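Residue numbers (the numbering used here): 154 to 317. One structure is given below, encoded as C-alpha cells.
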Amino acid sequence: MQKIILHITKEDFAPITDSRFECFILSEDLSSHFKNEFTLKAKQLNKLVLGLSISDVLAYNLDGIVLDLSKSEHIAADYKKQTKDLKNKIVGIICRNRRHEAMLASECEPDFLVFRAWRDGIEKVKELTSWYNEMFLIQSALLPMEEIDYSSFETDFVVLDNAH
154 MQKIILHITK EDFAPITDSR FECFILSEDL SSHFKNEFTL KAKQLNKLVL GLSISDVLAY
214 NLDGIVLDLS KSEHIAADYK KQTKDLKNKI VGIICRNRRH EAMLASECEP DFLVFRAWRD
274 GIEKVKELTS WYNEMFLIQS ALLPMEEIDY SSFETDFVVL DNAH
C-alpha cells in the first residue's frame, strides 16, 4: 500500500494531526505566516515538510524540495544547479513520463521520482511505473492530475492535495 504525501494547497492545519499523512508539500502561493506555522507544527509531530521552490525550503527550513524538471532539456545540470544549496535535504524530481527522462533523473540520485497520471493514457503510466520499480531502487511517487484509482500503480507514494 502506498504512503500518501499531502500537497497543501489551501490553508488548513487539520491534516497535520491526521495519522495517514507523514509528509506534506507546501504550495508556493500559501501565505508566509501559514507556511511558517504549518512547518513548526508538523516538525513538532516529527512529520516532513517539503517545498516546491528553493526559496521556500531555505526561508522556512523545510526538510526538502520537489523539483519540477519535466520541461528540462538538461536534467543533470538543472538538478545540480538547483540543489547546490540544499545540503542534507530530501529531493524529489517530477519528470516526464518517459523511460529515458526517468533514467536521466534517476542518475541524479534524488530521494524519489514523481510521475504524473491522467485518465487518458493511464495504462502507459502504469506500465512506466512498473518498469521503473523493476529497474531502479529510487522510490517513486504518483501525482494524479485527475481523479483516478491510484491503488493499482506500483509506486511507493501518492501525492494528493487537500483541495478535494
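Note that CB positions come from ideal geometry on N, CA and C, so glycine has one too. From a predicted model like this one, the values you see are computed outputs, not experimental measurements.
Unbroken beta strand (DSSP E) run spanning residue i, endpoints
i, result
"residue 160", "156 to 161"
"residue 246", "243 to 247"
Residue i in three-state terms, based on DSSP
i, result
"residue 294", "strand"
"residue 316", "coil"
"residue 175", "strand"
"residue 166", "coil"
"residue 251", "coil"
"residue 301", "coil"
"residue 221", "strand"
"residue 265", "strand"
"residue 191", "helix"
"residue 215", "coil"
"residue 203", "strand"
Range covered by the alpha helix (DSSP H) that runs through residue i
i, result
"residue 209", "207 to 212"
"residue 281", "275 to 288"
"residue 236", "228 to 236"
Contact with chain C by residue i, beta-carbon distance below 8 Å
i, result
"residue 230", "In the structure shown, chain C does not exist; there is a single protein chain."
Selected residue, minimal CA-CA separation from residue i, among the options
i, options, result
"residue 163", "288, 238, 218, 183", "183"
"residue 288", "253, 189, 200, 207", "253"
"residue 270", "161, 167, 297, 160", "297"
"residue 160", "284, 180, 214", "180"
"residue 168", "195, 188, 311", "195"
"residue 215", "170, 226, 178, 246", "178"
"residue 187", "280, 165, 286", "165"
"residue 185", "239, 210, 282", "210"
"residue 266", "310, 242, 226, 301", "310"
"residue 130", "193, 208, 255, 236", "One cannot answer for residue 130 here, as it falls past the ends of the chain, which runs 154 to 317."
"residue 248", "272, 237, 281, 207", "281"
Rounded C-alpha distance that separates residue i from residue j
i, j, result
"residue 305", "residue 299", "15 Å"
"residue 258", "residue 244", "11 Å"
"residue 212", "residue 190", "13 Å"
"residue 239", "residue 217", "8 Å"
"residue 170", "residue 285", "33 Å"
"residue 198", "residue 204", "18 Å"
- Spell out a yes or no on whether the region 232 to 241 and the region 270 to 289 are touching, meaning 3 or more CB-CB pairs, one atom from each, closer than 8 Å. Taking a cut-off of 8 Å for Cβ pairs, the region 232 to 241 and the region 270 to 289 do not touch, as fewer than three such pairs fall below it.
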